[in-house]
Amino acid sequence: MTPVVSARGLRKEYPGHVAVHDVDLEIEHGEVFALLGPNGAGKTTTVEILEGHRKRTAGHVSVLGEDPGSAGRHWRARLGIVLQTATDAAHLTVAEVVRHFARYYPHPRDPEEVVEQVGLTDKAHTRVKALSGGQRRRLDVALGIIGRPELVFLDEPTTGFDPEARRRFWALIRALADEGTTVLLTTHYLDEAEALADRVAVLAAGRIVAQDTPSALGGRSRGEATVRWRDENGFHQERTAFPTKLVTQLSGGRELTDLTVTRPSLEDVYLDLIGGTA
Ligand SMILES: Nc1ncnc2c1ncn2[C@@H]1O[C@H](COP(=O)(O)OP(=O)(O)OP(=O)(O)O)[C@@H](O)[C@H]1O
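In full-length UniProt numbering, the protein residues as written are 1 to 278.
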């Protein structure tokens, strides 16, 4: 199957500055793909090129089978885009805005259902200007998915969400992916990438420095583990590539007190990958 998003040698130069260097990406149908990276790494630039909102300097790009640089309205209607601040309809209510946007699309989702999915049912009749920052963000997400898009771009979607709203949003993204929607999100939250993404790419200073499943990123599923335990002589820790073997040897069938086996967290690996570029 052709990938939903494919970029080869993608490059973006601003006067005197290369923001994106020869980026290669492929995102498959139904995949949730997260782009991670520190401020200024080139995430928004990359995403905006894929959305057709910015011109690239060089490289080959195909999104839903077309070149975003020249694709038309019909192509755009197949995308859902959640910008960092999208809604500019302060005087309308939440329900009105969502219904209004639904009319732009040939096969929209049910507006009431979408309002419910983003957790805004009790604010449906509240004017947009009276929403909190996190609630506005949820409305942005509602507008991004109302058109039943095949591909959704989410730029830092949960910034300003409270923990419950984030969990709810994650469930919504998983449900979209289960229906076959492809999702590209940028995020600064590593737990979000870990919870949602099938694959992650880390951008640092405009280059992709790693691309893998969250559990394998930076070789962390194969890397050394730290085994910690306690016995009559006190607390011990040992790094090993074979933790199961070590624990078996140590225990000899008895219980080990305070036993833990840990590998580097996604955050450890991420900080290591972007080290020196942030
Ligand atoms: N219109 C522009 N003109 C010149 N330079 C730009 C322009 N837009 C972005 N840049 C530069 O390109 C680089 C990448 O910016 P970009 O917004 O893509 O980063 P980002 O990874 O999305 O950052 P953040 O996490 O802060 O949103 C930055 O150094 C930025 O200053």
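Every residue, glycine too, gets a C-beta built ideally from N, C-alpha and C.
A quick note: this is a predicted structure, and the numbers were derived from the prediction, not measured.
Using a cutoff of 7 angstroms, the CB of Gly-42 counts as near ligand 1, since one of the ligand's heavy atoms is closer than that. Assigned with DSSP and collapsed to three states, Glu-51 falls in helix. With 16 or more other Cβ atoms inside 10 Å of its own Cβ, Leu-143 counts as buried.
Ala-193 sits buried, since 16 or more C-beta atoms from the chains shown fall within 10 Å of its C-beta. Annotated three-state conformation of Arg-78 is coil, per DSSP. Per DSSP, the continuous beta strand (DSSP E) segment holding Thr-260 begins and ends at 257–262. For the pair Thr-213 and Arg-220, the Cα-to-Cα distance works out to about 10 angstroms. Here the alpha carbons of Arg-76 and Asp-272 stand approximately 37 angstroms from one another. In this structure, the alpha-carbon of Val-128 lies about 46 angstroms from that of Thr-262. Contact check for Val-5 against Ile-208 fails: the beta carbons are separated by 8 angstroms or more.
In this structure Ala-241 is exposed. Its beta-carbon is surrounded by fewer than 16 other beta-carbon atoms within 10 angstroms.
Membership of Ala-171 in the alpha helix (DSSP H) is indicated by the continuous run 163–178.
Classified as exposed, Leu-259 has fewer than 16 neighbouring CB atoms from the shown chains inside 10 Å of its CB. Cα atoms of Val-200 and Val-183: separation of roughly 12 angstroms, rounded to the nearest angstrom. In its chain, beyond the 5 residues on either side, Arg-239, Thr-240, Ala-241, Pro-243, Val-261, Thr-262 and Arg-263 have a beta carbon closer than 8 angstroms to the beta carbon of Ala-225. Phe-235 sits in a strand when the DSSP states are folded into three classes. For Tyr-270, the CB stays at least 7 angstroms from every heavy atom of ligand 1. Arg-199 carries a strand assignment under DSSP once its states are collapsed to helix, strand and coil.
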